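Undergrad: Input: one structure, supplied below.
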Amino acid sequence: MRTVYVNGEYLPENEAKVSIFDRGFLMADGVYEVTSVLDGKLIDFAGHAKRLERSLSELDMPHPEVLPDLLEVHRELVRLNGIEEGMIYLQITRGAPDDRDFVFPDPETTTPTVVLFTQNKPGLANSPAAQKGIKVISIEDQRWARRDIKTVQLLFPSMGKMMAKAAGVDDAWMVEDGAVTEGTSNNAYIIKGNTIITRHLGNEILHGITRAAVLRFAKEAQMQVEERSFTIAEAQKADEAFITSASTFVMPVVEVDGVAVGTGTPGPVAARLREIYLDESRKAAV
Ligand code: PDD
C-alpha cells in the first residue's frame with residue numbers, strides 16, 4: 000500500500016481523506032503537477048515548482064504554507080514508497096469551506112488542500128511505445144481558454160483519450176481554428192528537414208516543462224526550432240512527429256488520422272532527442 004501526503008501528514012492511502020466540500024471536488028478549483036522520477040530522483044523539479052506557483056497566482060489561490068518545502072515532501076514520498084522510476088502527482092485546491100458557494104472562500108478561514116501521491120512505473124524510460132511510436136487522431140479542442148494554467152479540469156482531455164481509444168489509436172491531437180494546439184496530455188511537434196516545429200506559447204496550450212527542456216537541447220544540438228502553429232495536413236506531410244510530457248518524455252508519433260508520418264516508423268531525430276533528454280535530465284535530477 001502506498002504512503003501518500005495530505006495536508007502535512009504522511010498516511011496509508013486508505014486513511015487519507017478530503018472533505019466532500021472541497022472545491023477541487025465540487026468546482027475543479029485546483030491545480031496540479033506531475034513530476035517524473037528516474038533513478039529515484041526528480042526530473043525538472045524546479046520547472047514544475049515554478050509553473051505551480053504561476054498556476055496558483057493566475058487563479059488568485061492562496062499559496063499553501065508547505066510551498067517552500069515541496070521538494071522535501073516529494074523526496075520523502077519517493078523514499079517512503081521506494082520509487083526508482085515513476086511519477087509524483089501533486090494537487091492543490093482552494094480548500095474546503097463549510098458549504099458549496101461559487102464565491103471564493105475567505106482565505107483566512109479556508110486554507111488550500113494539498114495532496115501528493117506516487118505512481119510506481121518500473122521501465123518508464125525504457126517504454127516499448129517509444130520503440131514503436133504512437134498513433135493519434137485529431138479532434139476539435141473544446142477545452143476552456145486558459146490552458147496555460149494547469150488545472151484539474153481534465154474532463155475534455157479524458158473524453159479525447161476515449162475518442163482515441165474508440166478509434167483504435169493511442170491519443171488525440173486537438174485542433175482549434177485549423178491549427179493543432181497540443182495533445183490531450185502532452186505537447187505536439189513535427190519535424191521537417193532539420194527543423195522542429197511546435198506551437199508557440201500562449202493561453203491556448205500548457206507551457207510544458209519537458210517542451211522547454213527539449214527545445215533547449217535541440218538548439219544546443221544545432222537543430223532549428225520554429226515555434227508556430229501547424230495543421231494536421233502539414234503533420235501528415237512531415238518527416239517525423241512526436242509528443243513530450245513529464246510521463247512520456249519524447250515519444251514518436253507515427254500516424255496522424257490514419258496517414259503514416261514519414262516512413263510510418265519512429266524517426267532518427269525524435270529518437271536522438273529522446274536520448275539527449277533522458278541523459279541530460281538524469282544528470283540534472285535532484
Ligand atoms: N500532462 N499539455 C497538456 C495538456 C498536459 O496535460 C501536459 C502534461 C503537457 C506536458 O507538460 P509537461 O511537459 O510539463 O509534463 C502538455 C501531465 C503529464 C498529466 O496530465 O499527466
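Here numbering that gives the first Met the number 0 is used: the first residue of the sequence shown is 0, the next is one more, and so on. Using N, Cα and C, we set each Cβ at its ideal position, and we do this for glycine too. Values in this document were obtained by computation on a predicted structure and should not be read as measured data.
1. For the candidate residues T112, L272, L51, whose alpha-carbon lies nearest to that of I189?
2. What I want to know is whether the C-beta of N6 ends up closer than 7 Å to one or more non-hydrogen atoms of the ligand PDD.
3. Can you give the Cα-Cα distance for M222 and I275, rounded to whole angstroms?
4. Is there at least one non-hydrogen atom of the ligand PDD closer than 7 Å to the beta-carbon of L154?
5. Looking at the unbroken alpha helix (DSSP H) that takes in Q141, where does it start and where does it end?
6. Kindly indicate which three-state DSSP category K191 falls into: helix, strand or coil?
7. For S157, verify whether its CB is less than 7 Å away from any heavy atom of the ligand PDD.
8. Measuring alpha carbon to alpha carbon, tell me which residue in R22, A245, G263 is nearest V102.
9. Would you list, in sequence order, the uninterrupted beta strand (DSSP E) runs of no fewer than 3 residues that lie entirely inside the segment 143-178?
10. Which partner residues does I196 have in the DSSP bridge list?
11. Just confirm the distance between the C-beta atoms of T150 and A27, as a whole number of angstroms; I'd bet it's less than 8 Å.
TA: The short version:
1. L272
2. no
3. 13 Å
4. no
5. Unbroken run through Q141: none, as it is neither H nor E.
6. strand
7. no
8. R22
9. 170-175
10. I189, E225
11. 6 Å
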